[in-house]
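*Asks:* Numbering (my numbering), first residue to last: 6 to 265. Even for Gly, the Cβ is constructed at its ideal location relative to N, Cα and C.
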Ligand code: 13P
């Protein structure tokens, strides 16, 4: 199997002012060292209002943490009040953009069509999307988890070339596990991540599937991360609540690469 460097990402959602964000990144930079960055890539995804502050800090201190955003609007510029364009994000050295998070799909009505446009926009500006997919509790109980997840992938990757697809990170986030303290079992998470990789293989070939990073997200903590990361098809974590605290997130980043 191709070796894939784990990507441990902190999705701060609508938390932390720019001052809080600076404090967390400073502590994180202090806690993590060269050995950690060699074995895992770490990204933080602050609010739009904190991106510039965090970028300045990362650049000034040459901290090898990747800067990420949580969302984007799929147009370069224009009359889209309140939105932020991929041009603006790329200019801030943003490397990863979360696309299609279930909170945006559920609370803000994002459709697969919109997610597809955002994916294409992020790729068009040299950044990597972290595409979130996942099922509701009802869908899991009805046995339609794979159908839901693979259906989202098919729609969200519509028209994406193999060269572009190679830059996409896929995050499997079961909706019932987000913010609930209820994590998918390592076996269940592995089964879906394996199916995700198999889908990439069918759509783009086995070589690309072997290189694609598939993250798990949903109540990841320092206590469960190692077991999840030990699964063969899980290549990182998309962490919400437990990434808000620098010390906890640093422990997750460290434990998340010990399995390889
Ligand atoms: P929690 O880690 O808080 O469950 O959130 C997961 C998530 O939605 C990350 O994008």
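Put residue 118 into one of helix, strand or coil per three-state DSSP.
*Replies:* helix
*Asks:* Can you list the residues near the ligand 13P, meaning Cβ strictly closer than 6 Å to any non-hydrogen atom, in the order they appear in the chain?
*Replies:* 16, 106, 178, 183, 184, 222, 223, 224, 225, 243, 244, 245, 246 and 247
*Asks:* Looking only at C-alpha atoms, which of 54, 61 and 30 sits nearest to residue 47?
*Replies:* 30
*Asks:* When you compare only the Cα positions, how much space is there between residue 134 and residue 98?
*Replies:* 14 Å
*Asks:* Considering only DSSP beta bridges, list what residue 71 is partnered with.
*Replies:* 48
*Asks:* Kindly indicate which residue of 101, 167, 126 and 248 has the alpha-carbon position closest to the one of residue 82.
*Replies:* 126
*Asks:* Ignore the nearest five residues each way along the sequence and tell me which others in residue 155's own chain have a CB closer than 7 Å to its CB.
*Replies:* For residue 155, where only same-chain residues beyond five positions count, the Cβ hits under 7 Å are 200 and 204.
*Asks:* In the DSSP assignment, find the unbroken alpha helix (DSSP H) run with residue 158 in it and report its ends.
*Replies:* 150-161
*Asks:* When you measure from the CB of residue 205 to every non-hydrogen atom of the ligand GTP, does any distance come out below 7 Å?
*Replies:* This structure does not include the ligand GTP; its bound ligands are the ligand 13P.
*Asks:* Would DSSP call residue 258 helix, strand or coil?
*Replies:* helix
*Asks:* Okay, do the region 139-146 and the region 68-86 touch, 3+ Cβ pairs below 8 Å being the bar?
*Replies:* Contact fails: fewer than three Cβ-Cβ distances are below 8 Å.
*Asks:* Can you check whether the CB of residue 138 is closer than 8 Å to the CB of residue 112?
*Replies:* no
*Asks:* What does DSSP give as the partner residue(s) for residue 220 in the beta ladder?
*Replies:* 176
*Asks:* Indicate whether residue 195 and residue 237 have their beta-carbon atoms separated by less than 8 Å.
*Replies:* yes
*Asks:* Which residue or residues does DSSP assign as beta-bridge partners of residue 136?
*Replies:* 104 and 175
*Asks:* Determine which residues share a DSSP beta bridge with residue 13 and list them.
*Replies:* 47 and 242
*Asks:* For residue 262 and residue 12, what's the separation of their Cα atoms in angstroms?
*Replies:* Whole-angstrom Cα-Cα distance: 9 Å.
*Asks:* So what does DSSP say about residue 92, is it helix, strand or coil?
*Replies:* Of the three classes helix, strand and coil, the one that applies to residue 92 here is helix, per DSSP.
*Asks:* Considering only residues of the same chain and omitting the five flanking positions on each side of residue 4, which have a CB-CB separation below 7 Å?
*Replies:* Only positions 6 to 265 of the chain appear in the structure, and residue 4 is not among them; the question remains open.
*Asks:* For the candidate residues 116, 52 and 86, whose alpha-carbon lies nearest to that of residue 94?
*Replies:* 52
*Asks:* Is it buried or exposed for residue 39, if we count other Cβ within 10 angstroms and need 16 for buried?
*Replies:* exposed
*Asks:* Could you name the residues of the same chain whose beta carbon sits closer than 6 Å to that of residue 240, not counting the 5 residues immediately before and after it, in chain order?
*Replies:* 9, 11, 218 and 219
*Asks:* Just the C-alpha distance for residue 88 and residue 33, rounded to the nearest angstrom, thanks.
*Replies:* 29 Å
*Asks:* CB residue 90 to CB residue 183, shorter than 8 Å?
*Replies:* no
*Asks:* Assuming residue 268 contacts residue 243 under a Cβ cut-off of 8 Å, what Cβ separation, rounded to an integer in Å, is found between them?
*Replies:* Missing from the structure shown is residue 268; the chain here goes from 6 to 265 and no further.
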